[in-house]
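Top line first, the protein sequences correspond to chains H and C.
With full-length UniProt numbering as the guide, the letters of the first sequence map in order to residues 1 to 321.
With full-length UniProt numbering as the guide, the letters of the second sequence map in order to residues 1 to 295.
Backbone N, C-alpha and C define an ideal beta-carbon position, used for all residues, glycine too.
Working notes for the structure below.
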Amino acid sequence: MSASTAHNHTTVGPDRPQARAGSARRAADWARRAPLLPALIFTIVVTQVPFLATIVISFMNWNSYYPQDRGFGGVSNYVSVFTNAQLRSAVVNTVVLTVTVVLVSLVLGMLIALLLDRKFAGRGAVRTMMIAPFLVVPIAAALLWKHALFNPNYGLLNGVLNAVWKLFGSDSAPQPDWLSAAPKIAIEVSLIWQWTPFMMLILLAGLQSKPADAEEAARMDGATGFQIFRYLTFPHLRQYLELGGLLGAIYIVQNFDAVFTITAGGLGTANLPYTIYQTVFSAHDYGLASAMGVVVVIATIIVATFALRVVSSMFKQEAGR
Amino acid sequence: MSTASVTATLPGTNVPTSKKEQRARELNRSRPLWGVLAWIVGILFVLPVLWMVLTSLHSEPDAATNPPSIAAALTLDGYRSFLSAGPVAPLLNSAMASLISTLLVLCLAIPAAFALSIRPVEKWTDVMFFFLSTKFMPLVAGLLPLYLFATNTGTLDNVWLLIVLYTSMNLPIAVWMMQSFLAEVPGEMLEAASIDGAGLIRMLWSIVRPVAMPGVAATALICFIFSWNELLLARTLTGTIAGTAPVFLTGFVTSQGLFLAQLCAAATVISLPVLVAGFAAQDKLVQGLSMGAVK
């Protein structure tokens with residue numbers, strides 16, 4: 001990517017009319033690039049160099065408990081990632097968690113956006129209430145779900161069950177231990193709660209940019225609400241759905257906070273980021289952790305391939321500049 | 001979805017004089033129903049947050065009852081014990097890491113966005129894709145080398161290391177956002193100004209700045225939120241001296257057992273800056289989070 005701009009970044013002043021045409025042109029080119037270079041070089045150094053190191057380490061046997069065994073290990077770490085049952089389940093968990101959370105929060109977000117697109121009293125207040133989950137610090141949200149909501153003894157969920165049962169004169173309300181009964185769903189619910197508002201915001205912005213006259217005309221022609229949604233609203237929302245899904249997926253693939261807090265990776269919920277964290281800081285198997293890191297990147301790149309298609313269509317509008 | 005059929009079957013509907021009038025009536029009638037539903041959904045979503053705040057204002061015994069004691073007496077004890085747990089240093093670390101990295105991001109991203117939109121370099125879309133592609137690389141994939149680097153250079157538990165990493169984490173997003181905001185500056189205005197003999201600085205100040213300012217604010221807000229929320233890097237690369245508020249929150253539970261009111265007080269205080277900033281700038285937030293794609 002623009003490797004040509006990475007070398008020779010001496011600062012160049014604005015071009016002078018008396019300079020010769022060739023060097024003036026070159027100077028002008030560099031004056032154009034100069035503002036870009038600090039950001040570009042900084043990003044390359046801080047993000048790409050560590051990743052290159054990760055790739056190198058992923059081909060090494062390197063466990064800091066056994067320093068004498070350090071050396072080239074070929075693809076053995078990668079073989080472990082896909083043959084070790086525990087690691088394979090981490091790969092599966094990452095995919096399931098990401099897909100479930102993105103899809104459910106997209107659908108919910110769309111339904112709520114359609115609801116909030118209508119005019120009703122207190123619409124602004126409801127929108128503000130909806131956004132709140134997205135603004136709670138993720139680690140605080142995870143702790144909140146674990147201790148204040150899911151807790152079997154005094155959590156809000158079981159508390160409400162108890163209160164409702166008492167209302168009908170019964171003392172035997174079901175009091176499930178949510179986290180051990182359905183640990184994956186518990187994590188997914190907390191993440192869906194955080195991400196639905198994000199999807200809702202993007203889709204609501206999409207809805208409000210939709211021209212109203214087509215819908216008006218369709219209604220005059222006797223189209224039903226569902227037909228209008230199917231043939232007018234949904235196609236318009238498509239690129240917003242793609243954008244929301246993409247951004248959500250990029251962040252949820254990397255989720256660490258919820259898995260770390262709610263189950264500490266237990267009960268078969270460990271995803272790749274959590275497993276990498278454990279492999280580095282508990283098992284000290286640097287080679288294996290790096291191989292997993294590379295696998296996460298590859299998984300994300302698969303998502304990114306779809307992403308770039310969406311982004312390209314965004315560029316088409318401004319490429320004329 | 002079909003509100004038309006629902007309202008049409010309601011009794012007592014007069015024969016409409018015109019289609020337009022009928023539609024207006026149907027809309028009026030359908031409003032309360034959908035509004036009520038929207039209110040219910042909104043309350044359901046905000047409920048856990050309200051519960052967090054309410055629990056933080058209860059005494060520890062009242063916080064952990066089943067069924068919940070909604071009407072229990074309010075107290076600031078939770079906040080008092082949170083304060084006595086020493087949150088000032090972590091909060092200051094978080095503020096420092098978030099604010100300084102946001103400032104650095106703006107210093108790097110604004111000129112870069114200028115070179116990608118106002119006077120675009122050749123192949124500017126490639127450069128944009130490069131910045132975006134770095135976001136496809138999860139943080140965790142560079143974690144080990146960063147940890148080894150920090151251990152070997154003695155920068156472990158140093159807030160400046162976090163500042164550099166948060167800057168790199170947010171810079172690609174910021175470049176994207178700023179590019180899309182600067183692309184809003186009408187090219188004809190810039191041309192007209194340069195024909196009138198305005199210099200670059202004058203042009204930037206009087207034409208680009210007013211258009212770009214809301215974008216700068218949105219970018220800063222998003223970068224601040226992401227840095228403030230970050231846990232993985234902070235947890236692995238800092239410890240007792242440079243630990244941030246999220247790290248403090250994780251240590252809070254394990255080291256002291258569980259005190260629900262105190263935990264909720266901590267979670268409320270730590271979420272407060274983001275909640276306030278986010279509520280104050282809802283529209284900016286949407287635009288920013290979608291990297292300017294949604295206008």
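Collapsed DSSP secondary structure at residue i in the structure displayed
i: G22(H); result: helix
i: G71(H); result: strand
i: N63(H); result: strand
i: D29(H); result: helix
i: D196(C); result: coil
i: I177(H); result: According to the sequence as given, residue 177(H) is Asp; it is not Ile. Three-state DSSP puts D177(H) in coil, outside helix and strand.
i: D213(H); result: helix
i: D62(C); result: helix
i: D285(H); result: strand
i: G86(C); result: coil
i: Y154(H); result: coil
i: V136(H); result: coil
i: D77(C); result: helix
i: M52(C); result: helix
i: residue 325(H); result: Absent from the structure is residue 325(H), since the part of chain H shown begins at 1 and ends at 321.
Between the CA atoms of residue j and residue i - distance to the nearest angstrom
i: residue 317(C); j: Q282(C); result: No information on residue 317(C) is available, as it lies outside the stretch 1 to 295 that chain C covers here.
i: P186(C); j: I118(C); result: 9 Å
i: L190(C); j: L104(C); result: 27 Å
i: A109(C); j: L231(C); result: 24 Å
i: S101(C); j: R70(H); result: 37 Å
i: A264(H); j: M220(H); result: 56 Å
i: S98(C); j: S80(H); result: 38 Å
i: L207(H); j: D117(H); result: 7 Å
i: S168(C); j: L201(H); result: 26 Å
i: F150(H); j: R80(C); result: 25 Å
i: W39(C); j: A28(H); result: 58 Å
i: V253(C); j: S84(C); result: 15 Å
i: L161(C); j: W176(C); result: 24 Å
i: G142(C); j: L232(H); result: 44 Å
i: W42(C); j: M129(H); result: Sequence check: residue 42(C) is Gly here, not Trp. Approximately 6 Å, taken between the alpha carbons.
i: Q287(C); j: W124(C); result: 22 Å
8 Å Cβ cut-off: residues of chain C touching residue i
i: N77(H); result: What N77(H) touches in chain C: nothing, since even the nearest Cβ is about 12 Å away.
i: K210(H); result: Ordered by position in chain C, no residue passes the 8 Å Cβ test against K210(H), which lies about 12 Å from the chain.
i: G71(H); result: Result: empty, since nearest Cβ-Cβ is about 17 Å, beyond 8 Å.
Within chain H, partners of residue i - CB distance below 7 Å
i: G35(C); result: F120 and A121
i: A267(C); result: A140, L143 and L144
i: V41(C); result: I112 and L115
Classification of residue i by the beta-carbon crowding that lies within 10 angstroms, buried from 16 upward
i: I131(H); result: buried
i: T305(H); result: exposed
i: M292(H); result: buried
i: D213(H); result: exposed
i: I195(C); result: exposed
i: P172(C); result: buried
i: G243(C); result: buried
i: A71(C); result: exposed
i: P211(H); result: exposed
i: S180(H); result: exposed
i: D62(C); result: buried
i: E188(H); result: buried
Interface partners of residue i on chain C, CB under 7 Å
i: Q254(H); result: P138, L139 and V140
i: D257(H); result: L231
i: F51(H); result: M137, A141 and G142
i: G159(H); result: N66, P67 and P68
i: R33(H); result: A115 and V121
Beta carbon of residue i nearer than 9 Å to that of residue j
i: V294(H); j: V253(H); result: no
i: N84(H); j: F59(H); result: no
i: Q86(H); j: A270(H); result: yes
i: V211(C); j: E188(C); result: no
i: W51(C); j: L143(H); result: no
i: L144(C); j: I139(H); result: no
i: G35(C); j: R123(H); result: yes
i: A141(H); j: W193(H); result: yes
i: V224(C); j: A277(C); result: For the record, residue 224(C) in the displayed sequence is Phe; it is not Val. Yes, they are a contact pair.
i: T300(H); j: F136(C); result: yes
i: G109(H); j: F198(H); result: yes
i: A148(H); j: L161(H); result: no
Chain-ordered neighbours of residue i on chain H, where CB pairs are closer than 8 Å
i: L116(C); result: L36
i: N158(C); result: Neighbours of N158(C) on chain H: none; closest Cβ ~15 Å, over 8 Å.
i: C264(C); result: L144 and A148
i: V216(C); result: By Cβ distance, chain H contributes nothing, its closest Cβ being about 15 Å from V216(C), past 8 Å.
9 Å Cβ cut-off: residues of chain H touching residue i
i: G278(C); result: I131, A132, F134 and L135
Partners in chain C for residue i, counting only beta-carbon separations shorter than 9 Å
i: T263(H); result: None at all; the shortest Cβ gap to chain C is about 14 Å.
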